[in-house]
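Chemist:
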Amino acid sequence: MAESSRAASQGQIDRDASDLHRYGYAQQLLRDMGGFSNFALSFTIISILTGAISLFGHGLNFGGPAVNGWGWPLVTVMTLIVAASFGWNGHQTQQQVLALAAAEAKANLSRDLAFRRWATDHGGIYVRVDAKTRPNPYLANMPERDVALPDGGLLTLYNPATALREIMEQYSELYGVKASITGLKVINPIDRPDPWEEKALHEIERSRQDFVEVSDIGGKPYLRMLQPMIMEEGCLKCHAWTGIPVGGIRGGTAVAVPLEPYLQLRAGSLRDIGLTHGGLWLIGVGVIGFVA
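Numbers given in my numbering equal positions in the sequence shown, counted from 1, plus 12.
Given below as structure tokens:
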């Protein structure tokens, strides 16, 4: 039944493509518009040339030669200046929003790095085994992994990656910021990179710099950042098997900051900027009209 449903869906897609071809269009599921296309569409909708020609006589009769001679050119220049100012301020607002999100991501990565180095310097962390905390099977080759307690309980070793992963999971539940440790060579399958992380890992191996990009997770926008993780002496205790030398890139620490709160902030700023520029434009037109 599932296969028949897929076949029906594919048949509908083929018919849609055929209908588009009959009208001279290629099927394109993702359409976007560049700066020139947006300008061309806006210019066409406004119909500046059509409006100027049809209203020329009206302006001449009721405003006189001054309106047509220098009133309209002044309004045109002022409109272009106001539009350019609005566009520039909108762009600056977008950059400021992304800078704030990047600063939050960087702060999270710096905190994670400090904790990971502390845990690495101490050789890991021992925690009591209970129903929620179980020994790490990927450290079973380490004789000191488990330590018996006098009360009959058991302590088990958490390496820095495991400890940090659990902290990240709780932090994500509280604040919505997603974080992970990943690499191209991992023991635990849970640390395998997703497609974005894999692309970012190859990029940081080349550049040895943080990789930042806006990407969707579950249909929602996030600012994602991957920070290179350098192999240190203390890391060899668990990661010598990778063959990565000290000083090499052994993976990365990833963080994803939700952009929705920042986009709401941007929307409010753009609304205020639009109202301010609209008011300035109306005042300018009124002054020019009064003088003319």
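Every residue gets a Cβ at the ideal spot worked out from N, C-alpha and C, and that includes glycine.
1) Please report how far the alpha carbon of S97 lies from the alpha carbon of M243, in whole angstroms.
2) Give me the Cα-Cα distance between V109 and V269, rounded to the nearest whole angstrom.
3) Beta carbon of T174, beta carbon of N153: below 8 angstroms?
4) Let me know the beta strand (DSSP E) ranges lying completely inside the segment 201-252, each 3 residues or longer, listed in chain order.
5) Let's see if you can read the secondary structure: which residues bound the beta strand (DSSP E) around V159?
6) What whole-angstrom Cβ distance do I193 and T254 have, given they're in contact under 8 angstroms?
7) Out of curiosity, what's the CA-to-CA distance linking L167 and D158?
8) Judging by CA-CA distance, which residue of C247, S54, L213, A113 is the nearest neighbour of L235?
9) At what residues does the alpha helix (DSSP H) containing K144 begin and finish?
10) Taking all protein chains shown into account, do 16 or more other C-beta atoms lie within 10 angstroms of the C-beta of L238, making it buried, or fewer, making it exposed?
11) Identify the continuous alpha helix (DSSP H) that holds I256 and give its terminal residues.
12) Check this for me: beta carbons of P172 and R128, under 8 angstroms apart or not?
Modeler: With the given structure in hand:
1) 48 angstroms
2) 12 angstroms
3) no
4) 223-229, 232-242
5) Per DSSP, the unbroken beta strand (DSSP E) holding V159 starts and ends at 158-160.
6) Actually they are not in contact, since the Cβ atoms of I193 and T254 sit about 14 angstroms apart, beyond 8 angstroms.
7) Distance between the alpha carbons of L167 and D158 is about 6 angstroms.
8) A113
9) Here K144 belongs to no alpha helix (DSSP H), and DSSP marks it neither H nor E.
10) The residue in question, L238, is buried, as its Cβ has 16 or more Cβ neighbours within 10 Å.
11) Counting along the chain, I256 falls outside any alpha helix (DSSP H), and DSSP gives it neither H nor E.
12) yes
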